[in-house]
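At position 167 of the sequence shown the residue is numbered 169 (the working numbering), and the sequence of numbers has no breaks.
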Amino acid sequence: MPHNNRRWFLQASAAVAAGATLSTATTRSSLAAELPPGSSMQFGLVTYQWGRDWDLPTLIKNCAMAEVYGVELRTTHAHAVEPTLSEKQRDDVRRRFADSPVELVGIGSNERYDAPNPEVVKKAVEATKAFLRLSHDVGGTGVKVKPDRFHPNVPREKTIEQIGKALSELGDYGLGFGQEVRLEVHGQCAELPTIKAILEVADNDNVKVCWNSNPQDLQGEGLAHNFGLVRPSFGMTAHIHELNSDQYPYAELFRLLVASDYEGWLLLEASSEPADRVAALTEQRKLFQQFIAAAQKQVAGK
Numbered sequence: 003m004p005h006n007n008r009r010w011f012l013q014a015s016a017a018v019a020a021g022a023t024l025s026t027a028t029t030r031s032s033l034a035a036e037l038p039p040g041s042s043m044q045f046g047l048v049t050y051q052w053g054r055d056w057d058l059p060t061l062i063k064n065c066a067m068a069e070v071y072g073v074e075l076r077t078t079h080a081h082a083v084e085p086t087l088s089e090k091q092r093d094d095v096r097r098r099f100a101d102s103p104v105e106l107v108g109i110g111s112n113e114r115y116d117a118p119n120p121e122v123v124k125k126a127v128e129a130t131k132a133f134l135r136l137s138h139d140v141g142g143t144g145v146k147v148k149p150d151r152f153h154p155n156v157p158r159e160k161t162i163e164q165i166g167k168a169l170s171e172l173g174d175y176g177l178g179f180g181q182e183v184r185l186e187v188h189g190q191c192a193e194l195p196t197i198k199a200i201l202e203v204a205d206n207d208n209v210k211v212c213w214n215s216n217p218q219d220l221q222g223e224g225l226a227h228n229f230g231l232v233r234p235s236f237g238m239t240a241h242i243h244e245l246n247s248d249q250y251p252y253a254e255l256f257r258l259l260v261a262s263d264y265e266g267w268l269l270l271e272a273s274s275e276p277a278d279r280v281a282a283l284t285e286q287r288k289l290f291q292q293f294i295a296a297a298q299k300q301v302a303g304k
């Protein structure tokens, strides 16, 4: 093909491809615009108690049976997805999820950065980096961590600064592996103004809040105010507990999530002991869908 004709052909092909891409993007954008806010939220499971003794094949099978298509794998549990896995074992975990309808949302670590001893904090940071590499290798998108508490004779401001700086380092590290660092609202640091202060120190867009549906959410000026303090920093995951409990205002939480068009996973961190956990998980998924529908109706009516 003559040079000029070839150049024309390549330019024309690129234009056609660009047009097709633009058309597809426009179609997707139009479809998304037609859906009510909150439609992208998904329901998943934290393997805290309900999945603690399920090996990986059982976990995937049970989640699929319950039509729950996302999981956060808690470390030390029976599914045994740990930093000690070999490259081959990591590939096997990734393949098992890829061959199933269930998505590995990420790893739930127990790492925290509040200790007065700098060596303990350094060790926790390095352990978290290992979890970030693990999550990348097995197909996850992030690692959950904890703040965690304040210590006698240590100023609160010093602990907040220390936690924030550790998270900032981890945020940069995780970015290199395509992994979010998900700060669970937990422990003595669970008051939302404290979490906001930690995030301000971290000053890293890859350090995200993992909402945890705690009693502290209702303190001070109330749920809506506290939600608003950290909503801009939400990541891909938020934790909820049993939705049939009257101990937390889930209807209001769902309204806030829908009104702000949250697009991540709501992961069930259940601590009860039902006789049939698959049936209970199915029921929780149905309650999730009901809460979404009710919140969408309420938001649309305003």
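For each residue, glycine too, the CB sits at the ideal point set by N, CA and C. Keep in mind that this is a model prediction, so the values were computed, not measured.
Check whether the Cβ atoms of residue 205 and residue 42 lie closer than 9 Å to each other.
Not closer than 9 Å, so no.
What number of angstroms, rounded off, separates the C-alpha of residue 16 from the C-alpha of residue 180?
With a pLDDT of only 46 at residue 16, under 50, the local geometry of the prediction cannot be trusted, and the value read off the model is given with reservation. Those two C-alpha atoms are separated by around 29 Å.
If residue 70 sits next to residue 283, beta carbons under 8 Å apart, how far is it from one beta carbon to the other, in whole angstroms?
Contact holds; Cβ gap of about 6 Å.
Please state whether DSSP places residue 165 in a helix, a strand or coil.
Residue state, collapsed to three classes: helix.
Write down the C-beta distance between residue 239 and residue 107 rounded to the nearest angstrom, noting that I regard them as a contact closer than 8 Å.
With a Cβ gap of about 6 Å, residue 239 and residue 107 count as contacting.
So residue 188 is in the beta strand (DSSP E); what residue range does that whole segment cover?
Note, residue 188: premise wrong, no beta strand (DSSP E); not H, not E.
Specify the secondary structure class of residue 111 as computed by DSSP and reduced to three states.
Strand, per DSSP.
Can you name the residues that DSSP bridges to residue 1?
This structure gives no information on residue 1, because the portion of the chain shown stretches from 3 to 304.
Quick check: what's the CA-CA separation for residue 150 versus residue 248?
Roughly 26 Å separates the two Cα atoms.
Return the residue from the list 164, 279, 200 that minimises the CA-CA distance to residue 68.
Cα-wise, what sits closest to residue 68 is 279.
Examine the Cβ distances between the region 150-161 and the region 122-129 and report whether three or more of them are shorter than 8 Å.
Taking 8 Å as the limit for Cβ pairs, the verdict is that the region 122-129 does not touch the region 150-161.
Compute the Euclidean distance between the alpha carbons of residue 203 and residue 112, then round it to the nearest angstrom.
Roughly 21 Å separates the two Cα atoms.
Can you tell me whether residue 169 is buried or exposed? The criterion is at least 16 other CB atoms within 10 Å of its CB, across all chains shown.
Residue 169 comes out buried.
By how many angstroms is the C-alpha of residue 196 removed from the C-alpha of residue 222?
C-alpha separation (whole angstroms): 12 Å.
Go ahead and label residue 301 buried or exposed: buried means 16 or more other beta carbons lie within 10 angstroms of its beta carbon, across all protein chains shown.
The residue is buried, with at least 16 neighbouring Cβ atoms inside 10 Å.
Which two residues bound the contiguous beta strand (DSSP E) that contains residue 76?
Run containing residue 76: 72-76, per the beta strand (DSSP E) assignment.
Report back the beta-carbon spacing between residue 200 and residue 242 to the nearest angstrom; my notes put them in contact at under 8 Å.
Not quite, the Cβ-Cβ distance comes to about 22 Å (not below 8 Å), so this is no contact.
Would you kindly work out how many angstroms separate the C-alpha atoms of residue 153 and residue 217, rounded to a whole number?
Roughly 21 Å separates the two Cα atoms.
With DSSP as the reference, identify every bridge partner of residue 179, one or two as the case may be.
Partner(s): none; residue 179 has no beta bridge.
DSSP has residue 146 in a bridge; who is on the other side?
In the DSSP output, where bridge partners are listed per residue, residue 146 has 110, 184.
Going along the chain, which residues of its own chain have a beta-carbon closer than 6 Å to the beta-carbon of residue 257, five neighbours each way excluded?
Excluding positions up to five away in sequence, the list reads 297, 300.
Determine the contact status of residue 40 and residue 260, defining contact as a CB-CB distance below 9 Å.
Cβ atoms of residue 40 and residue 260: closer than 9 Å.
Mind checking which residues open and close the beta strand (DSSP E) that includes residue 46?
Unbroken beta strand (DSSP E) run through residue 46: 44-48.
Taking residue 95 as part of the alpha helix (DSSP H), name the residues at either end of that continuous run.
Per DSSP, residue 95 belongs to the alpha helix (DSSP H) from 89-100.
Reducing DSSP to helix, strand and coil, say where residue 69 ends up.
Looking at residue 69 - three-state DSSP - the assignment turns out to be coil, as it is neither helix nor strand.
Cα separation between residue 245 and residue 79?
Cα to Cα, the separation comes out at about 24 Å.
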